[in-house]
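Peer 1:
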Amino acid sequence: MNRRSPTLWRGIAALYVIFLLSPLVLVVLFAFTSRAQSAFPIEAFSLLWWGTMLSDPKFDPALGNSLVISGWVGLIATVVGTMAALGLTRLDARRARLVTAILCLPLMLPPLVLGVTLLTFYSWAHVPMGRQTVIMSQLLFTVPFVVLVVYARLRNFDFRVVESARDLGASPLRAFFTVTLPIIRSTVVGAALIAISLSVDDFIITYFTISGGFTLPTFVFSMIRTALTPEANAVGTLILTMTLGATFVALWLTRYRG
Amino acid sequence: MREHRTTALLLAPAMTIFAVLFVVPLAYFFVISFWRKVLFAMRPDFSFANYGKVFDQHWSTLLFTLGLALIVAALTTVFGFGYAYLVRFKAGRWGLPLLFVAMITLFGGYLMKIYSWMTILGIKGVLNSALLGLGIIDEPLSWLFYNPGAVVVTLINFLLPFTILPIYASMRGITDIELEAARDLGAGSWRSFSDIVVPRSQTGIMAGFTLAFLLAAGDYLTPQLVGGKVNMIGVQIVAQFGGIFDWPMGAAMSFVMLGSSFAVVFVAVSLIAQWRPR
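Going down the list, the sequences are from chains D and S. Per this note's numbering, the first sequence runs over residues 9 to 266. Per this note's numbering, the second sequence runs over residues 585 to 862.
#1: Could you spell out where the beta strand (DSSP E) holding Arg193 (chain D) opens and where it closes?
#2: Note the first and the last residue of the continuous beta strand (DSSP E) segment covering Lys637 (chain S).
#3: Compute the Euclidean distance between the alpha carbons of Thr262 (chain D) and Gln786 (chain S), then round it to the nearest angstrom.
#4: Since Thr41 (chain D) sits in a beta bridge, which residues does DSSP pair it with?
#5: Step through the CB atoms of chain D and report whether any lies within less than 9 Å of the CB of Ser854 (chain S).
#6: Name the residues in the stretch 802-814 of chain S whose C-beta lies less than 9 Å from a C-beta of chain D; which are they?
#7: For Met9 (chain D), count neighbouring Cβ atoms within 10 angstroms of its own Cβ and tell me buried if that reaches 16, exposed if not.
#8: Does the count of Cβ pairs from the stretch 830-840 of chain S and the stretch 612-619 of chain S closer than 8 Å reach three?
#9: Tell me the residue span of the alpha helix (DSSP H) that contains Ala93 (chain D).
#10: Taking only three categories from DSSP, how would you classify Ala836 (chain S)?
#11: What residue range does the beta strand (DSSP E) around Arg620 (chain S) cover?
#12: For the stretch 240-249 of chain D and the stretch 142-158 of chain D, state whether three or more C-beta atom pairs, one from each stretch, are separated by less than 8 Å.
#13: If you scan the stretch 704-777 of chain S from start to end, which runs of the alpha helix (DSSP H) of 4 or more residues do you find wholly inside it?
#14: Report the residues of the stretch 243-257 of chain D with a CB closer than 7 Å to any CB of chain S, ordered along the chain.
#15: Mind listing the chain S neighbours of Tyr24 (chain D)? Cutoff is C-beta to C-beta under 7 Å, in chain order.
#16: Please determine whether the Cβ atom of Glu723 (chain S) lies at a distance below 8 Å from any heavy atom of the ligand FMN.
#17: Quick check: the Cα distance between Ile191 (chain D) and Asp779 (chain S), rounded to an integer number of angstroms?
#18: Look at the Cβ atom of Phe153 (chain D), then the Cβ atom of Gly89 (chain D), and state whether they are nearer than 9 Å.
#19: Under 9 Å, do Leu224 (chain D) and Ser74 (chain D) count as touching if we go by C-beta distance?
#20: For a contact defined as C-beta to C-beta under 8 Å, what are the partners of Leu56 (chain D) on chain S?
#21: Are the beta-carbon atoms of Val781 (chain S) and Leu769 (chain S) separated by less than 9 Å?
#22: Looking at chain D, is there any beta carbon in it that lies within less than 9 Å of the beta carbon of Met833 (chain S)?
#23: Taking only the alpha-carbon atoms, compute the straight-line gap between Ala258 (chain D) and Arg161 (chain D) and give it to the nearest angstrom.
#24: For Asn10 (chain D), does the three-state DSSP call read helix, strand or coil?
#25: Answer with yes or no whether the minimum CB distance from Gly89 (chain D) to chain S is below 9 Å.
#26: Does DSSP put Met841 (chain S) in a helix, a strand or coil?
#27: Take every Cβ of the stretch 850-860 of chain S, pair it with every Cβ of the stretch 793-800 of chain S, and state whether three or more of those distances are shorter than 8 Å.
#28: In chain order, what residues of the same chain lie with their CB nearer than 6 Å to the CB of Ile50 (chain D), ignoring the 5 residues before and after it?
#29: Once DSSP output is grouped into helix, strand and coil, what is the label at Arg103 (chain D)?
#30: Should Asp760 (chain S) be labelled buried (16 or more other beta-carbon atoms within 10 Å of its own) or exposed?
#31: Identify every residue that forms a DSSP beta bridge with Ala625 (chain S).
#32: Using a Cβ-Cβ cutoff of less than 7 Å, which residues in the same chain neighbour Phe777 (chain S) once the five nearest sequence positions on both sides are dropped?
#33: Residues of chain S with a CB under 7 Å from the CB of Gln45 (chain D): which are they?
#34: Hey, out of D:Leu55, D:Ile212, D:Leu29, D:Leu28, whose CA is closest to Phe38 (chain D)'s CA?
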């Protein structure tokens, strides 16, 4: 509509994008330099810090924990969230809105409060802390995202195809696996990737509920709270590749737009 | 009846997770906020002493936190509105890539963003080394880092997508036809902005502001890592679970933080609701 000053708008948009992306770009850039400081001028590009990372005895277990935890979180959150989204489509609009709002309540609390709340709860209920408590805790903020994404897709889903399958004698489960799931598959995969990316990225809740050992983000934290080492850039780049990569594929698959 | 049972079964796992890992822990946390710490154990009690102590010893930290969160949330909402406006009305075919940038930065990189700002603003950091190298400054600027300003910038950077996306979602509901009709009826660009665009984006503005405020007020890592001596209530809460080991006190501080945050959000959202078409 307004064509008066496209250059001005373009300039503002560019500033925004630089502000949003430059912190992430710089982490990746300095992961490939050789200096002991993330600073200019960049003298030489090298894989030095990647070697440091790979030979760090804490790296393998941290990567292993991150993969196991995010794998389980992705799987459980997707199954639970998709079931809930299917349940929501069977409610009337008002009730569906209410249930969605309730399920999203954990997203309203600062992660710090969730973390310390869960820590006290596990210690009170004598739940042994470790990977299992991290997985359980991360479900709190991943399930709502899966519900939102899958429910958004199911709302413009033509349920008549499912009814036809049922009329032809398919059991509800069979109708789901042969009709509904193939149609919404890309959305479900996308939702799983979003859950995985939130899980890989999570620092605060993991920090409070893991009790011992590291995941990739808590490993980075152990590096940066004392002195900055560019090894953190390498691990950070790995985390960013996993989370942003997964999100990118997810957005492309789900066509979810907020 | 069978139908209802299926619906309940489908919703049961999600509701169970919500009840067992959110409602129960939060209720227990509320109960222990009235307990006392005796040596390194918690003793059941019903005392408001912890709450008294929060207001007694931490009132300045609390006020500072709320003030800083208010500044952060207000700026993030305004900037987020600008970005959403750009995506919806000005960017044309660049709208989708811009939206992608916002969505991608929403889901990843919380710790890495804070870490990156440490390397950007630090005394030997990216910004100082670049400015020195370009000959713009002669010695590193020390005021970039370890102060409230650095905390504000870092928080805005991390929270911006949280305001962009809900505001954009509500702006998507505004049709070009409405705006053209307004123009045909003689409304200037400011008039249609203030009477159509802003009121129709209000739900998104409120949601974005609420999220940004709650997350800013409850953050502890940013002040700890880029704030230096900047003391926010979250840092104090973490201390109760780390070195000090006073969980009842930490619980009371958490609820005071949540309560006061919700109060500020309630007032702010009511104020935003005041913006109506003339």
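The beta carbon of each residue, even a glycine, is placed where N, CA and C say it ideally should be. This one's a predicted model, so the numbers in the text were calculated from it and none came from an experiment.
Peer 2: Put simply:
#1: Translated into positions along the first sequence, residue 193 (chain D) becomes position 185. No beta strand (DSSP E) contains Arg193 (chain D), which is instead part of the alpha helix (DSSP H) from 189-209.
#2: Within the second sequence, residue 637 (chain S) is the residue found at index 53, counting from 1. Not the beta strand (DSSP E): Lys637 (chain S) falls in the alpha helix (DSSP H), residues 633-669.
#3: What you label residue 262 (chain D) is simply residue 254 of the first sequence in a count that begins at 1. What you label residue 786 (chain S) is simply residue 202 of the second sequence in a count that begins at 1. Each residue's alpha carbon lies about 27 Å from the other.
#4: Here residue 41 (chain D) refers to the residue found at position 33 of the first sequence. Per DSSP, D:Phe53.
#5: Residue mapping note: residue 854 (chain S) aligns to position 270 of the second sequence, counting from 1. No, no contact with chain D.
#6: Gly802, Asp803, Tyr804, Leu805, Gln808, Leu809
#7: Taking the first sequence and counting its residues from 1, the one referred to as residue 9 (chain D) is at position 1. In this prediction, Met9 (chain D) has a pLDDT of 42, which is less than 50 and means its spatial position is unreliable; what the coordinates show is noted afterwards. That one is exposed.
#8: yes
#9: For the purposes of this step, residue 93 (chain D) is taken as residue 85 along the first sequence, with counting starting at 1. Run containing Ala93 (chain D): 67-97, per the alpha helix (DSSP H) assignment.
#10: Here residue 836 (chain S) refers to the residue found at position 252 of the second sequence. Ala836 (chain S) falls in the helix class under three-state DSSP.
#11: Here residue 620 (chain S) refers to the residue found at position 36 when the second sequence is read from its first residue. Taken as a continuous stretch (DSSP letters only), the beta strand (DSSP E) holding Arg620 (chain S) covers 620-622.
#12: no
#13: 710-717, 732-755, 760-768, 773-776
#14: Gly244, Ile247, Leu248, Thr251, Leu252, Thr255, Phe256
#15: In the first sequence, counting from the first residue as 1, residue 24 (chain D) sits at position 16. Per Cβ cutoff of 7 Å: Tyr667.
#16: This structure lacks the ligand FMN; in fact it carries no ligand of any kind.
#17: Counting from one through the first sequence, the residue named residue 191 (chain D) turns up at place 183. Counting from one through the second sequence, the residue named residue 779 (chain S) turns up at place 195. One C-alpha to the other measures close to 42 Å.
#18: Taking the first residue of the first sequence as position 1, residue 153 (chain D) is located at position 145. Taking the first residue of the first sequence as position 1, residue 89 (chain D) is located at position 81. Result yes, Cβ atoms of Phe153 (chain D) and Gly89 (chain D) sit closer than 9 Å.
#19: On the first sequence, position 216 is the one that residue 224 (chain D) refers to. On the first sequence, position 66 is the one that residue 74 (chain D) refers to. The answer is yes: Cβ separation under 9 Å.
#20: In the first sequence, residue 56 (chain D) corresponds to position 48, counting from 1. Here the premise fails: no neighbours, minimum Cβ distance about 17 Å.
#21: Numbered from 1 along the second sequence, position 197 holds the residue referred to as residue 781 (chain S). Numbered from 1 along the second sequence, position 185 holds the residue referred to as residue 769 (chain S). Against a cut-off of 9 Å, the Cβ pair of Leu769 (chain S) and Val781 (chain S) comes out as no contact.
#22: On the second sequence, residue 833 (chain S) is found 249 positions in, with the first residue counted as 1. Closer than 9 Å: no.
#23: Within the first sequence, the letter at position 250 stands for residue 258 (chain D). Within the first sequence, the letter at position 153 stands for residue 161 (chain D). When rounded, the distance between both Cα atoms is 13 Å.
#24: Sequence index remark: in the first sequence, residue 10 (chain D) carries index 2 (1-based). Confidence at Asn10 (chain D) is low in this model, with a pLDDT of 48, below 50, so the placement of that residue is unreliable and no value is reported for it.
#25: Taking the first sequence and counting its residues from 1, one reaches residue 89 (chain D) at position 81. Cβ-Cβ to chain S under 9 Å: yes for Gly89 (chain D).
#26: For the purposes of this step, residue 841 (chain S) is taken as residue 257 along the second sequence, with counting starting at 1. If DSSP states are grouped into helix, strand and coil, Met841 (chain S) belongs with the helices.
#27: yes
#28: Taking the first residue of the first sequence as 1, we reach residue 50 (chain D) at position 42. Excluding residues within five positions, the ones whose Cβ falls inside 6 Å are Thr41.
#29: Here the question's residue 103 (chain D) lines up with position 95 in the first sequence. Residue state, collapsed to three classes: helix.
#30: Here residue 760 (chain S) refers to the residue found at position 176 of the second sequence. Label assigned to Asp760 (chain S): exposed.
#31: Within the second sequence, the letter at position 41 stands for residue 625 (chain S). S:Val622, per the DSSP bridge assignment.
#32: Taking the first residue of the second sequence as position 1, residue 777 (chain S) is located at position 193. Excluding positions up to five away in sequence, the list is empty.
#33: Position 37 of the first sequence, counted from the first residue, corresponds to residue 45 (chain D). Simply Lys708.
#34: Position 30 of the first sequence holds residue 38 (chain D). Nearest option by C-alpha distance: D:Leu55.
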